[in-house]
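Sequence order for the protein chains is A and B. First residue of the first sequence: 290, per our numbering; consecutive thereafter. First residue of the second sequence: -7, per our numbering; consecutive thereafter. Encoded as structure tokens, the structure appears first; notes follow it.
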Amino acid sequence: MNEPWWISLIKAFVIANLVLGAFAYLTLIERKVLARMHMRYGPNRVGPFGLLQPIADLIKLLRKASFFPAAGVDVLYVIAPALAGFTAIAAFAVIPWGPGWTIGDYYISGAVVDVPISLLLVFALGALGVYSFVIGGWASESKYSLLGSMRTCAQLVSYEVSFGLAVLGVVIMAGSLQLTEIVHEQQASMWYAAPQIVGFLCFFVAGVAETNRAPFDLPEAEQELVAGYHTEYGGMRFGLFQTAEYINMITLSALGVTLFFGGWSGPVLPGPIWFLLKLAIFIFVFMWLRATLPRLRYDQLMSLGWKVLLPVATLNAVVTAILVVAL
Amino acid sequence: MSIQPLPSFKGFGVTLRQIFRKPITQQYPEYKRPVYPRFRGRHRLNLHDNGLEKCVGCSLCAAACPADCIRVVAAENTPDNRVSAGERYARIYEINMSRCIFCGYCELACPFDAITLGNDYELSEYHRDDQIYTKEMLLAPPVKQTPVAEREPYDTPEPVWKTDS
């Protein structure tokens, strides 16, 4: 059941472009949705319904001068946003879109690469992505960037723990780290959102914090702070950081759909359609959250992460383990 | 830190409900909100009914201007070149719109009601030099017409903010 390498290559090309395109229009959709929730119109000037807005934004970012802090560390300064973008897109490689299809003599699996440790891979890439924030803030050689990157890292590292523990329940129930396998297990029993409701809530809260989204967007906190780790970045380098944040949000939503809502499974419609539908609902909830909740204070963020989320996630994992062994 | 989950979830309902309501944004270039009748905008220089300029070039407006943006150079009226009703007229009358703060002191200072503030506010230009409005521009009727709200509800003996609150 192995597929030739060039099919993976084509799939990687298609999905990378799909994710980037989805990201571009997600910025527009987010602005529109937020605007509607504020009783505004949102962008509606560039093209019909503002549909060309992402392209206009892209052109604006590309044409900006790519300035350089004089005291900055050249190589790392350039690498940081690229690393952020790379890890964000690469994590999408293991997300399964469907059960896999057989066309002619070839078998095409649902994900770009269907490795047995795909869940671990997503986490590893996410942890690697944190380095881009550290490096970006440090290489800028500016105290605001450094403080911003420390703020970001403290948040990401403390929520990474609960994030991983929240997923542990699902891993124990499915008995596999392979995302396709987890979906198959859910098809055999039920969506893990029901038995793992505590785990799902922990996963969601920690995930919002992991992707620096409101109400946990302290790394940026555009209203009260200087931008954070990307203070010294401009033009498309800044754009890459933003891209990475958005794609992380998509990846996290896709992970949530796969782990807790049965991934591609659903009646009548083909797998990828179901997957996209669930993904869209997930992302809408992210936007809804942003429109509704005010930003947390930093001490609230830390105490929520360590005093509430971590114990609850740990307890959830332990209880799940005991129940799985006992039953 | 007290966590109140239920009121937070009520907030989600509030934001979701707004999606189905009509936005209250006024789409500016297409829809111009009428300005108040006493809105102070672009200046105008006025003429008498017989076509003579009201301005006599006394420079009181320039003296009153806190932003120092008015420049007046006066000249004598002669029988064969009669521009204004008085003895002298403003040979040069310029207002630097990039400095003007639209306080209306020039209007108050003018003894002949020659300069008044109109209602137009779309005064952007591509070059700073274009911001200096000459006498011809100020005398001519404005190119852009700004919609003005009804005078009745606002022009009351008692100020609106006193009677209407």
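Glycine included, every Cβ here is placed at the ideal spot set by N, Cα and C. Fair warning: this is a prediction, and the values are worked out from it, not measured in the lab.
Leu109 of chain B is bridged by DSSP to B:His35. At a Cβ-Cβ threshold of 9 Å, Glu499 of chain A and Tyr420 of chain A do not count as neighbours.
The C-beta distance from Ala56 of chain B to Lys127 of chain B rounds to 18 Å, too long to fall under 8 Å, and the pair is not in contact. Contact fails between the stretch 42 to 49 of chain B and the stretch 133 to 141 of chain B, because fewer than three Cβ pairs, one in each stretch, are under 8 Å apart. The alpha-carbon separation between Lys46 of chain B and Phe104 of chain B amounts to approximately 6 Å.
A distance below 9 Å separates the beta carbons of Gln475 of chain A and Ser554 of chain A.
Glu521 of chain A counts as buried, since no fewer than 16 other beta carbons sit within 10 angstroms of its beta carbon. Not a single C-beta of chain A is nearer than 9 Å to the C-beta of Leu39 of chain B.
Residues of chain B with a Cβ closer than 9 Å to the Cβ of Arg502 of chain A do not exist, since the nearest Cβ in that chain sits about 15 Å away. Arg9 of chain B counts as exposed, since fewer than 16 other beta carbons sit within 10 angstroms of its beta carbon.
Taking 8 Å as the upper bound on Cβ-Cβ separation, chain B lies near residues Val322, Ala324, Arg325, Met326, His327, Met328, Arg329, Tyr330 of the stretch 321 to 332 of chain A. In this structure, the beta-carbon distance from Leu435 of chain A to Ser429 of chain A falls below 9 Å.
By the criterion of at least three beta-carbon pairs nearer than 8 Å, the stretch 536 to 553 of chain A is in contact with the stretch 365 to 383 of chain A. Taking the Cβ atoms as the reference, Leu578 of chain A lies roughly 17 Å from Ala455 of chain A, outside the contact range of under 8 Å. Within its own chain, the residues whose Cβ lies closer than 8 Å to the Cβ of Val367 of chain A, once the five positions on either side in sequence are excluded, are Arg526, listed in chain order.
The alpha-carbon separation between Arg80 of chain B and Leu37 of chain B amounts to approximately 16 Å. Using a Cβ-Cβ cut-off of 8 Å, Leu8 of chain B is close to Met326, Trp577 of chain A, given in chain order.
The C-beta of Trp386 of chain A has 16 or more other C-beta atoms within 10 Å across all chains shown, which makes the residue buried. Look at Tyr420 of chain A here: in three-state DSSP terms it is helix. Against chain A, the CB of Lys46 of chain B has no partner CB under 9 Å away; the residue lies outside that interface. In this structure, the alpha-carbon of Ala533 of chain A lies about 5 Å from that of Ala377 of chain A. A direct Cα-Cα distance of roughly 17 Å separates Ala400 of chain A from Ala311 of chain A. Listed in chain order, the non-local C-beta contacts of Tyr125 of chain B below 6 Å within the same chain comprise Ile87, Met89, local neighbours out to five positions each way being set aside. With contact defined as three or more Cβ pairs closer than 8 Å, the stretch 384 to 398 of chain A and the stretch 559 to 567 of chain A are in contact.
Within chain A, the residues whose beta carbon sits less than 7 Å from that of Thr17 of chain B are Arg329, Tyr330, listed in sequence order. In this structure, Gly49 of chain B lies away from Ala77 of chain B, with their beta-carbon atoms at least 9 Å apart.
Arg352 of chain A: member of the alpha helix (DSSP H) spanning 342 to 352, first to last residue. With fewer than 16 other beta carbons inside 10 angstroms of its own, His119 of chain B counts as exposed. Taking 9 Å as the cut-off, the beta carbon of Arg329 of chain A is found closer than this to the beta carbon of Pro15 of chain B. Inclusion of Gly517 of chain A and Ser438 of chain A in the CB contact set at 9 Å is warranted, their separation being smaller than that value. A Cβ-Cβ contact shorter than 9 Å links Phe4 of chain B with Thr581 of chain A. Listed in chain order, the non-local C-beta contacts of Gln485 of chain A below 8 Å within the same chain comprise Gly458, Val459, Met462, Phe549, Asn605, Thr609, local neighbours out to five positions each way being set aside.
Taking 9 Å as the CB threshold, Arg91 of chain B stays off the interface with chain A. Closest in C-alpha terms to Trp295 of chain A, from the list A:Val402, A:Gly389, A:Val613, comes A:Val402. Contact annotation, Cys98 of chain B with Ile84 of chain B: C-beta distance approximately 16 Å; criterion of less than 8 Å not satisfied.
Around the beta carbon of Ala324 of chain A, 16 or more other beta carbons lie within 10 angstroms, which makes this residue buried.
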